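**Q** Under the numbering used here, the letters of the sequence shown match residues 611 to 964, in that order. In this text, a Cβ means the ideal position worked out from N, Cα and C, and glycines have one as well. Note that this is a predicted model, so its numbers are computed, not measured.
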Amino acid sequence: MFSFTYIDTSKALTEAVAEWQQAAELAIDLECENNLHHYGAYISLIQISTKNKNWIVDVLKLGEIKPLIEILENPAIQKIFHDVSFDFRILQDQFSCHPLNVFDTHIAALFLGKEHLGLGDLLKEYFNVEKESKYQMADWTKRPLNTEMLAYAVKDAAHLILLRDLLVKELCQKGRLGWVEEEFAELEEADFTYKTQTFLGVRGVRTFTPEQLGVFRELFLLREQLAKKVNRPVHFVIRNEHLKQFSLHPPQWDKLHGVHPIVRSQAALFSKAVELGKKEPFFIPVPEKKRLTQLQKEQLEKLTELQHTLAQKNNLKGHLIMNKEQMIMVVLSGRFDCLHAWQKKLVDEEGFKL
């Protein structure tokens, strides 16, 4: 078990920040509520480790963590995460924070050609440590958190610096450290806007008629309002599959079972939403598609073949060599400017020309 300092006061945070400011690198991990037990997505804990010390920051208790945000945005300190995709979105949404000087062990593992990329897989491979699944679905908003939960929380961050060191060694051996450093630099410019599901994002609704879609939209928005009111995830109020059924065949709302009690108590609102939806049908806009010329289609086929060849030669996923968006940009522009330097080098070494 790793020892740690628990931070739940401004004074303790200030003291910890003074130590973090002296560090060359910090390992970072988050525990969040993500519409699993309560309404919305937000950070509960932030775990931070140096090579010989660990901290758990109680974000819910503190509320204001500006000194920590400044550490995350300090380019002089490297921050080590595993898979920044969700972490960066929630940091951006909640604190307008975009971490700088980042090393992502997930990206590093991708560029080593590893098939199993989860942190649990990497901890098992490198340290023979089993990642516990017991608390993956835990409610991290509860206070106080028991000792076992805190020990679980601190463990991942505590391994990340050594994991980075081992991954860097392998990347250097393969001549790919520069590749991932380019990818990390891109993270600083990437858009990490947190996006919630819209009514059009629910599977199956795009086959609805405009009137049915109008009803579904109104029920979807009403469910969102009520879920926020009772502080429960939207699926606790009405599951998506049921919401779709009710859009096609509205029930007697005050007699429904298998839904949150607020649905029955607010039956009149649901009936009103159905009528409003029928009066305001929703027509799905048809996006304008970019049409490729015959030559561009042939060039895209050649690029796809090149992607496949380079992926096999380097034992990498094809989308790392060139993703679909990049290939479309290449054939539309006739140039390879959208590729990263390491990608261009691979293409040049193949002697490829459009």
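Count the C-beta pairs between the stretch 902 to 916 and the stretch 839 to 850 that are closer than 8 Å, then say yes if the count reaches three, no if not.
**A** Judged by Cβ distances under 8 Å, the stretch 902 to 916 makes no contact with the stretch 839 to 850, as fewer than three pairs qualify.
**Q** Out of curiosity, what's the CA-to-CA distance linking residue 913 and residue 949?
**A** Distance between the alpha carbons of residue 913 and residue 949: 13 Å.
**Q** Per DSSP, which residues does residue 640 bridge with? Please list them.
**A** DSSP, once it has assigned bridges, lists 656 as partnering residue 640.
**Q** Less than 6 Å between C-beta atoms, sequence neighbours within five positions excluded: which residues of the same chain meet that for residue 694?
**A** Only 714 meet the Cβ criterion.
**Q** Mind checking whether residue 883 and residue 828 have CB atoms under 7 Å apart?
**A** Yes.
**Q** Nearest-angstrom Cα distance between residue 729 and residue 909?
**A** So the two alpha carbons sit approximately 38 Å from each other.
**Q** Measuring only the C-alpha atoms, how far is residue 656 from residue 634?
**A** So the two alpha carbons sit approximately 19 Å from each other.
**Q** Would you give the residue range spanned by the beta strand (DSSP E) that residue 688 belongs to?
**A** Residue 688 -> beta strand (DSSP E) spans 688 to 691.
**Q** In terms of residues, what are the limits of the alpha helix (DSSP H) holding residue 675?
**A** No alpha helix (DSSP H) holds residue 675; DSSP gives it neither H nor E.
**Q** What distance in whole Å lies between the Cβ atoms of residue 619 and residue 677, which are believed to be in contact at a cut-off of 8 Å?
**A** Their Cβ separation, rounded to whole angstroms, is 12 Å, which puts residue 677 and residue 619 out of contact at 8 Å.
**Q** In chain order, what are the residue ranges of uninterrupted alpha helix (DSSP H) at least 4 long that sit wholly in the stretch 838 to 917?
**A** DSSP runs (the alpha helix (DSSP H)) wholly in the stretch 838 to 917: 844 to 847, 850 to 858, 871 to 875 and 877 to 889.
**Q** Apart from the five residues on each side of it in sequence, which residues of its chain come closer than 8 Å, Cβ to Cβ, to residue 925?
**A** Excluding sequence neighbours, residue 925 sits near 723.
**Q** Would you mind stating whether residue 626 and residue 617 have Cβ atoms separated by less than 7 Å?
**A** The answer is yes: Cβ separation under 7 Å.
**Q** Between residue 889 and residue 939, what straight-line distance do the alpha-carbon atoms span, to the nearest angstrom?
**A** So the two alpha carbons sit approximately 42 Å from each other.
**Q** Can you tell which of 887, 765, 780 and 875 has the C-alpha that lies nearest to the C-alpha of residue 662?
**A** For residue 662, the nearest C-alpha among the options comes from 765.
**Q** Within the stretch 797 to 843, note down every full beta strand (DSSP E) run reaching 3 residues or more, in order along the chain.
**A** DSSP runs (the beta strand (DSSP E)) wholly in the stretch 797 to 843: none.
**Q** Count the other CB atoms within 10 Å of the CB of residue 725; is the residue buried (16 or more) or exposed (fewer)?
**A** So residue 725 ends up on the exposed side.
**Q** When the Cβ atoms of the stretch 777 to 788 are set against those of the stretch 810 to 822, are three or more pairs found closer than 8 Å?
**A** Touching, no, given that fewer than three Cβ pairs across the two stretches are closer than 8 Å.
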